[in-house]
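For reference, the structure is listed below as structure tokens.
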Amino acid sequence: MTQQIEAGDGVRADGSGADTGRPGEDRPEDDRYDVQAIQARWLPVWDELAAFRSGRPDDPRPRRYVLDMFPYPSGDLHMGHAEAYALGDVVARYWVQRGHNVLHPIGWDAFGLPAENAAIKRGLDPREWTYENIAQQKASMRRYACSFDWDRLLRTCDPEYYRWNQWLFLRLHEKGLAYRRPSQVNWCPSCQTVLANEQVVAGLCERCDSPVTKKKLTQWYFRITDYADRLLEDMKQLEGAWPDKVLTMQRNWIGRSTGADVEFAIEDRPEPVTVYTTRPDTLFGATFFVVAPDSDLAAELAARAPVHVQAQFARYLELVRATSEIDRLSTEREKSGIFLHRYAINPVNGERLPIYAADYVLADYGHGAIMAVPAHDQRDLDFARTFDLPVRVVVDVRDEDDKPLPDPADTGIATAGDGVLVNSGPLDGLRKAEAIERIIEILSADGRAAAKVNYRLRDWLISRQRYWGTPIPIVHCDTCGEVRVPDDRLPVELPPAEGLELKPKGTSPLGGAGDWVETTCPTCGGPARRDTDTMDTFVDSSWYFLRYLSPDRDDVPFDVEQARRWMPVDQYVGGVTHAILHLLYSRFFTKVLHDLGFVDFTEPFTRLLNQGMVIMNGSAMSKSRGNLVRLSDQLTEHGVDAIRLTMAFAGPPEDDIDWADVSPAGSARFLARAWRLAGDVTSSPGADVATGDAALRAATHRTVHEVTDLIEGFRFNVAVARVMELVNTTRKAIDTGCGGADPAVREAVAAVAVMLSLFAPYTAEDMWARLGHAPGVALAGWPAVDELLLVEETVTCVVQVAGKVRDRLEVPPSVGEEALRELALASPAVQRALGDRGVRTVVVRAPRLVNVVPG
RNA sequence: GCCCCCGUAGCCCAACGGCAGAGGCAGGCGCCUUAAAAGCGCUGGAGUGCGGGUUCGAUUCCCGUCGGGGGCACCA
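Counting in numbering that gives the first Met the number 0, the first sequence runs from 0 upward without gaps.
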């Protein structure tokens, strides 16, 4: 190895020329690629270089915000983190190479149950467990060569952070967007806490998979439903920039429907009851009426029912409450309910409709009561058939051959489609859409109906009966009621865990902190009690991307001016598991902050990349399954770069990576091959590339050109393949072509080093040093593409006869259609293939293809 | 039940409607080695799940079907 080590041309982050860690001096003089030695060599150098600081006020580079979802500090980093951060790093490092000032921060989503559970198990303060894990993860991230700006760390469990959760809570409270109300809530008996709707997955607790039950509690909510239409509408901004899948999930979750509120008089009740329906056109087909058994209305109606019915109702209600969410949602389940011996009056025809209480009607959607039209609604039909209620067809629905569909009463299949109204008085002869419009018009004339939009989305329940979270900054005073803690008394700090019973018992552990709970009312000065609930940790993560902009400000949650500069996030990277929860809440917070005048945008994340999971042998890794792959083992065995490269090369980023299908050893071999190229470059830095081997130069420039597009399109696996190709080409050039002294080889290897710096920063840095540059390949700059070198001198034109390849012609790229046609027809191979058949047409796609179609 | 995505070599994956293979893994053959492993070099291998259609031409577009994955699913 003979190349000169001289002052390189790497751009120094600090602008100085300090020559740290002269790479050549202590480097072993053999040609062995020693992963561990390379890692050990560069890590301290990088610390000094601090290439990824983004906070210099005079930085002239264009700004770009690349954000990785921050981790929960549950032990050390695992394979999933390794994938996520490898991919996010490719994007962040790419934009740095393109000359941008990239904000790429990291922090910890540090409040939450695992810390508390660990604390309970070991009798410690959750703080200890949390901060230890954070320290460990931080060290691992550093070793993993994540290009984070370490100056902007945040931890949501720091009072300096959660203080601003409280501050934001107060702003929402002032606007009426945070409120407390009693309701039936999702309750996880195992976690002993309430759950938001979003945290109940198929009737199970998202966290521990226990069946969720219902409980009546007074809880804090954020009024996210006020923003339902905007959360839906603004998704237009995200189309094409977020995965369709995520947008679809959010749309489903918000669940907008249009219909009408219709008033039904109730016998022996002065006030009418309003129901929501999406099919007001079928009013004439209503044959009964259903209320949710756990609604106030049901209780009231039952209270004035015959005595034996009251008893039945009480029993039924008990049964319903005992039914777990998962059973309730079972499609197989037969409809249940009881007749309350009360009647509603159909506003369109005065018919008496028997009122049932049945649990297929939900208390917290619409008005908790429905009109039932069994002919045209499957659920109503199922109920009608179970309880032997009449079925009346009012829409003539036809099949594709315009034949009327059979009577639902006979088939048991409701006809929900479009058709012409029948048996419906003034609506007869109208189609569905017209009938909906008409009936609303008729009934709204005397206020008995109104068009209405409804959402599946519910308000966000944020109270948690657990210790390790943000205290809700409200004081309850007997005289003043609910009082906000004034801003200047924030944060309301969590009391020490010592002495508190953290074990879940259904009420907040903070209730046990007597000195902490007992306080004075900020308004009247009298004795008062602090609210003892803590906030859902999704509050913490709903705005953390703003805190990164000014993590040290102690007078505001974030610097508005910095937000104007950096936000919205240009690229967000994270798992699809947060498709609904975190992303929906962050979008909501952003809109609230917009309305409060703190930010001037309405969507926080411009582009979203969802990476898949790392699995093993076809299933998710778990200790119990025995297929756990430890990241630390992989890093020890193959090195950081090989693992990062494997993550990027495995396939499209959104696909799962089955670790059994990929080859970190293969990645390491490739890296060694690439690294050795640098040792075979014998020209000096600054050699005139213009004189270099043209073919290799063309390959280099074409590769850079393609890789650029591939990276921007998140096609990292293909980008890596292109770099591999260039490495192979360069190897051949050195061994059997122009040789290592050719400046084109230096150019190619330098391009490989810079491109590899996105995926394999240690290897790239070492290559860079071997090429004779000062440290800092990360700041070397993306290779410029010489467009002239992309122009091919000749291209291969494929000549087909009847679609089969019969000949190839080398032609100039500018060849004319007519000339190419002549050339192709003149080909002996073509004539042979044609035989005595004539030529019908000749399709010419100059310069690549000619297809001769025989007669 | 409804909606979406994906089926290319033993495996992971590429291929503006135009030569089915870029890259990797595994396999085979060499080199190195006393030998083996490692390492290095070279290399065979599929007609694109299946059936139709559109087209001069289909892995690519359309319809159907099978298989895999995901989302939604008493929201009136």
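C-beta: ideal position from N, C-alpha, C; glycine also. As the structure is a computational prediction, the values presented were derived from the model and not from experiment.
Residue burial classification, residue i (beta-carbon count within 10 angstroms, cutoff 16)
| i | result |
| --- | --- |
| LEU770 | buried |
| PRO856 | Residue numbering for the chain in the displayed model covers 0 to 854; residue 856 lies beyond these limits and cannot be assessed. |
| PRO470 | buried |
| GLU746 | buried |
| THR840 | exposed |
| THR699 | buried |
| THR155 | buried |
| HIS307 | exposed |
| ALA444 | exposed |
| ALA356 | buried |
| GLU28 | Any reading at GLU28 is ruled out, since the residue's pLDDT is 42, under 50, leaving its predicted position unreliable. |
| VAL688 | buried |
| SER618 | exposed |
| CYS523 | exposed |
| ASP514 | exposed |
| SER719 | Strictly speaking, residue 719 in this sequence is Val, with Ser absent from that position. It is buried - the Cβ of VAL719 has at least 16 other Cβ atoms within 10 Å. |
| LEU420 | buried |
Beta-bridge pairing of residue i - partner residues as DSSP gives them
| i | result |
| --- | --- |
| VAL841 | VAL851 |
| TRP674 | DSSP, once it has assigned bridges, lists no residue as partnering TRP674. |
| ALA343 | ILE265 and LEU352 |
| ASN716 | None; ASN716 has no bridge partner. |
| GLY685 | According to DSSP, which records beta bridges pairwise, GLY685 is partnered with nothing at all. |
| PRO521 | For PRO521, which the question treats as bridged, DSSP gives no partner whatsoever. |
| MET615 | SER618 |
| ASN422 | Partner(s): none; ASN422 has no beta bridge. |
| HIS475 | GLU481 and ARG528 |
| VAL394 | LEU420 |
| ILE656 | VAL613 |
Unbroken beta strand (DSSP E) run spanning residue i, endpoints
| i | result |
| --- | --- |
| ALA259 | 256-265 |
| LEU216 | 212-221 |
| GLN799 | 794-800 |
| TYR64 | 62-67 |
| THR192 | 192-194 |
| ALA527 | 526-529 |
| ALA449 | 448-453 |
| ASP228 | From DSSP, ASP228 is part of no beta strand (DSSP E) but of the alpha helix (DSSP H) over 227-232. |
| ARG314 | Taken as a continuous stretch (DSSP letters only), ARG314 belongs to no beta strand (DSSP E), being part of the alpha helix (DSSP H) at 306-321. |
| LEU857 | Residue 857 lies beyond the residue range present for the chain, which begins at 0 and ends at 854; the question has no answer from this structure. |
| ARG805 | 803-810 |
| ASN100 | 100-102 |
Contact under 8 Å by Cβ, residue i with residue j
| i | j | result |
| --- | --- | --- |
| TYR220 | LEU460 | yes |
| ASP75 | SER621 | no |
| TRP467 | GLU115 | yes |
| VAL794 | ARG847 | yes |
| GLY336 | VAL289 | yes |
| GLN464 | GLY505 | yes |
| ALA659 | MET615 | yes |
| VAL915 | PHE147 | In the structure as shown, the chain begins at 0 and stops at 854. Residue 915 is therefore absent and cannot be evaluated. |
| VAL800 | VAL851 | yes |
Element boundaries [alpha helix (DSSP H), containing residue i]
| i | result |
| --- | --- |
| ILE855 | A query on residue 855 cannot be resolved here, the shown segment of the chain reaching from 0 to 854 and no further. |
| PRO742 | 742-755 |
| SER182 | No alpha helix (DSSP H) holds SER182; the beta strand (DSSP E) holding it covers 177-187. |
| PRO871 | Only positions 0 to 854 of the chain appear in this structure, which leaves residue 871 out of reach. |
| LYS334 | It is not in any alpha helix (DSSP H) - LYS334 carries neither H nor E in the DSSP assignment. |
| ARG141 | 125-142 |
| ALA291 | Premise fails: ALA291 is in no alpha helix (DSSP H) and is neither H nor E. |
| GLN570 | Unbroken run through GLN570 is the beta strand (DSSP E), 570-574; no alpha helix (DSSP H). |
Determine, using beta-carbon pairs with one atom in the region 256-271 and one in the region 442-454, whether at least three such pairs fall under 8 Å. Segments in contact, yes.
If contact is defined by three or more beta carbon pairs under 8 Å, each pair taking one atom from either stretch, is the region 366-383 in contact with the region 298-306? Two segments are said to touch when three or more pairs of C-beta atoms, one from each, lie closer than 8 Å; by this definition the region 298-306 does not touch the region 366-383.
On the three-pair Cβ rule with 8 Å, is the region 224-232 touching the region 585-598? By the criterion of at least three beta-carbon pairs nearer than 8 Å, the region 224-232 is in contact with the region 585-598.
Contact between the region 485-503 and the region 163-181: three or more CB pairs below 8 Å? Enough Cβ pairs lie closer than 8 Å, so yes.
Three CB pairs or more closer than 8 Å across the region 56-70 and the region 92-112: Segments in contact, yes.
Using a Cβ distance threshold of 8 Å, determine whether the region 383-393 contacts the region 275-287, with at least three qualifying pairs required. The region 383-393, when compared against the region 275-287, does touch it at the 8 Å Cβ threshold.
Counting pairs of beta carbons, one from the region 549-569 and one from the region 591-604, are three or more of them closer than 8 Å? The region 549-569 makes contact with the region 591-604: 3 or more CB pairs, one atom from each, lie closer than 8 Å.
Is the region 730-741 in contact with the region 814-833, if contact means three or more CB pairs nearer than 8 Å? The count of Cβ pairs closer than 8 Å, one atom from the region 730-741 and one from the region 814-833, stays below three, leaving the stretches out of contact.
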